[in-house]
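Chains as they are written, first to last, in my numbering: chain A, 6 to 451; chain B, 296 to 558.
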């Protein structure tokens, strides 16, 4: 009988991991639809930042309640993975609690997992209450209707069920150990290992060993299958951040937040314009094969790979939007929506490639079909969204790139801005004053 | 005092074969906006008081390109940058001080990649260094004990991580510094950045500067201190909107120091 279970387990494991690997490959392919950007410099600084912000959760704890609960769930997740390792080994080889040879230390470990599982359960329940019963500004906006809201709740339900299964499994196992059941009996007592699941034991009063085995095996199988399912759910969910937060912070911008990149393509053009020896009528050289560069971004292909990675990393927590001055004053801009739109568009393009083998124009683009001009023009570039993001996402860079497209490719700046720009061009100031009057203030009386 | 300020230009320095200690980058607001001109003059008086050998570019100065860049016009920005860098490099400028965080950010962070590398300081940083070196003395004077809140300019604070220089100066004035709930890295924008100064805001339920002014009013200040000409305008408008201009003044930190000294 055992061998069949082992075979089934290996099949489930391979299928789960295999499907996950396929999706990760698609994810990487999708991110590579973006322009290349060199963010491999200053590796030491990048590692330090990743250790601090992604691993150390330093930005999460700025909001004490949500931050503390998140740290609990995060620690629970990381540490319980050690238990998953044991489950996998037991599943493949038909063993029972393979690591239990560690004796007293093993008990301490399992007891710690139980306590964490319980804390995770409590944390997740509070998260659910915050999200569904309390009127928290971050969770109320338009873009969180439908799937995004359901997705968040599914994850919470899932974690609740997984933790309950883990505790049920331990409780049934413990009862079987106490009963001295074959296969479950261990070389040492695990009495001290179940500080939480001990409370479940009374439910099993009067159950036969055969029934207990069914309970234990059911919980064990559902737990591991649930984990495999969860692993594959990640790709379709905002929960992908548990993996991508790390590379995302690593590749985030290290320069001061106020420093916006100087477009290379424009540098060339400006150098040409400023060069008195340049021939304005010169035809492009014969070997100039490359397409003329498009300025700014109207679709995901014009964004860089870090910006696309940002969009997949976005956890839709809304800290960015809650801090956004435009959003707080009722304007349409929501930095979170910018990230969600970008991800939706990348996914849409990815789906076309999955279907047809390559991208074929679908008549849509990120600009207008997803992100409105009104949203883009409401941004004050104040960097509050960037500062607020716990995983190093930069929605502002996407807003700016799209403004660049509007202005440089479409000449579609709002009228007043167009006037200000003309003034800068003609008078060297955004206002219609003569450059020759720049020092007049010094002549004026106090 | 009715006489004009003596403000030397780089061209004059050049003609005399001299190099100033620091170039004062006035900026468009500081040159043309009536309110911001007062900040410019106050800062010049402080420079003179501290015997700082400074010069301005005067008619050779032009917009840094900040609003153009942030509105998405990278062409215009780089054209402006190229022109300014040519002038600055022509005068072999090493050190620049400016009272505008937008000019500060652009010259400090974005010009180096286009061939213009200088030591750039915000005027609050520069004034702080003058105090530390003992070249300028500041005492509480008329601001002693007054309740004052500082509004962080995005392009000085979040954009460049400078939160303390303006606060240190205010402390020297022996004021009662009260912080708004949203301050430092969590400060709310005045609503002018990203070229918003030059256009009507998008439709919403409130203007950003009103929201920010409300946050300031929550702490009941006598003065809202600012470190940016645009923030100054936005907060002044906000205070007027709330009909509080009789009770609450909006002042640049440099103005306050000059005022305390009765310059």
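By construction, the Cβ of each residue, glycine as well, lies at the ideal position given by its N, Cα and C atoms.
Would DSSP call residue i helix, strand or coil?
| i | result |
| --- | --- |
| residue 320(B) | strand |
| residue 321(A) | coil |
| residue 42(A) | coil |
| residue 15(A) | helix |
| residue 479(B) | helix |
| residue 344(B) | helix |
| residue 354(A) | helix |
| residue 370(B) | helix |
| residue 401(B) | helix |
| residue 309(A) | strand |
| residue 456(B) | coil |
| residue 433(B) | coil |
| residue 364(A) | coil |
| residue 316(A) | helix |
| residue 132(A) | helix |
| residue 1(A) | Because residue 1(A) is not part of the residues shown, which for chain A are 6 to 451, the question remains open. |
| residue 329(A) | coil |
| residue 126(A) | helix |
| residue 329(B) | helix |
| residue 466(B) | helix |
| residue 398(A) | coil |
| residue 22(A) | helix |
| residue 200(A) | coil |
| residue 441(A) | helix |
Going by DSSP, what residues sit across from residue i in a beta bridge?
| i | result |
| --- | --- |
| residue 443(B) | 472(B), 518(B) |
| residue 391(B) | 318(B), 415(B) |
| residue 545(B) | 519(B) |
| residue 349(B) | 317(B) |
| residue 376(A) | 372(A) |
| residue 304(B) | 351(B) |
Mind checking residue i: buried by the 16 CB within 10 Å criterion, or exposed?
| i | result |
| --- | --- |
| residue 204(A) | exposed |
| residue 107(A) | exposed |
| residue 283(A) | exposed |
| residue 370(B) | buried |
| residue 373(A) | exposed |
| residue 428(A) | buried |
| residue 171(A) | buried |
| residue 128(A) | buried |
| residue 216(A) | exposed |
| residue 194(A) | exposed |
| residue 174(A) | buried |
| residue 22(A) | exposed |
| residue 213(A) | exposed |
| residue 339(B) | buried |
Grab me the residues of residue i's own chain with a C-beta within less than 8 angstroms of its C-beta, minus the 5 sequence neighbours each way, in chain order.
| i | result |
| --- | --- |
| residue 455(A) | An answer regarding residue 455(A) cannot be provided, because it is not within the stretch 6 to 451 covered by chain A. |
| residue 409(B) | 373, 376, 377, 380 |
Who are the Cβ neighbours of residue i in its own chain at under 7 angstroms, not counting the five residues just before and after it?
| i | result |
| --- | --- |
| residue 250(A) | 59, 318, 396 |
| residue 296(B) | In this predicted model, residue 296(B) has a pLDDT of only 45, less than 50, meaning its place in the structure is not dependable; the value taken from the coordinates is given anyway. Closer than 7 angstroms at the Cβ level, and outside the excluded window around residue 296(B), lies no residue. |
| residue 189(A) | 101, 178, 181, 182 |
| residue 56(A) | none |
| residue 120(A) | 200, 201 |
| residue 394(A) | 324, 325 |
Who are the near neighbours of residue i in its chain, counting only those whose CB is closer than 6 angstroms to its CB and skipping five residues on each side?
| i | result |
| --- | --- |
| residue 411(A) | 417 |
| residue 1(A) | No answer is possible for residue 1(A): it lies beyond the span of chain A, which begins at 6 and ends at 451. |
| residue 242(A) | 156 |
| residue 94(A) | 103 |
| residue 356(B) | none |
| residue 124(A) | 77 |
| residue 45(A) | none |
Using the beta-carbon of each residue, which ones in chain E are nearer than 8 angstroms to residue i?
| i | result |
| --- | --- |
| residue 480(B) | Here the protein chains are A and B, and chain E is not one of them. |
(message) Counting beta carbon pairs with one atom in the region 338 to 350 of chain B and one in the region 312 to 321 of chain B, are three or more of them shorter than 8 angstroms?
(response) yes
(message) Would you call the region 417 to 430 of chain A in contact with the region 339 to 357 of chain A, where contact means no fewer than 3 C-beta pairs closer than 8 angstroms?
(response) no
(request) Check whether the region 464 to 479 of chain B touches the region 511 to 522 of chain B, counting contact only when three or more Cβ pairs, one atom from each stretch, lie closer than 8 angstroms. (result) The region 464 to 479 of chain B vs the region 511 to 522 of chain B: in contact.
(request) Give a yes or no on contact between the region 455 to 464 of chain B and the region 413 to 430 of chain B, applying the rule of three or more CB pairs nearer than 8 angstroms. (result) yes
(message) Contact between the region 537 to 544 of chain B and the region 434 to 445 of chain B is defined here as three or more beta-carbon pairs at a separation below 8 angstroms; is this criterion met?
(response) no
(message) Quick test of the definition: if touching needs 3 or more C-beta pairs under 8 angstroms, does the region 264 to 281 of chain A touch the region 361 to 369 of chain B?
(response) yes
(request) Assess, as a yes-or-no matter, whether the region 32 to 48 of chain A is touched by the region 309 to 326 of chain A under the definition of 3 or more beta carbon pairs within less than 8 angstroms. (result) Put simply, the region 309 to 326 of chain A touches the region 32 to 48 of chain A. At least three CB pairs are less than 8 angstroms apart.
(message) Whether or not the region 11 to 30 of chain A and the region 227 to 240 of chain A are in contact is what I'm after, with contact meaning three or more pairs of Cβ atoms, one per stretch, closer than 8 angstroms; do they touch?
(response) yes
(request) Tell me, please, whether the region 383 to 394 of chain A touches the region 314 to 331 of chain A by the rule of three or more beta-carbon pairs shorter than 8 angstroms. (result) Yes, the region 383 to 394 of chain A touches the region 314 to 331 of chain A.
(message) For the region 438 to 457 of chain B against the region 516 to 534 of chain B, do three or more pairs of beta-carbon atoms, one drawn from each stretch, fall closer than 8 angstroms, so that the two count as touching?
(response) A contact is defined here as three or more CB-CB pairs under 8 angstroms, and the region 438 to 457 of chain B meets this definition with respect to the region 516 to 534 of chain B.
(message) Measuring CB atoms only, is the region 449 to 457 of chain B touching the region 387 to 406 of chain B, in the sense that at least three cross pairs come out at less than 8 angstroms?
(response) Counting Cβ pairs under 8 angstroms, three or more are found: they touch.
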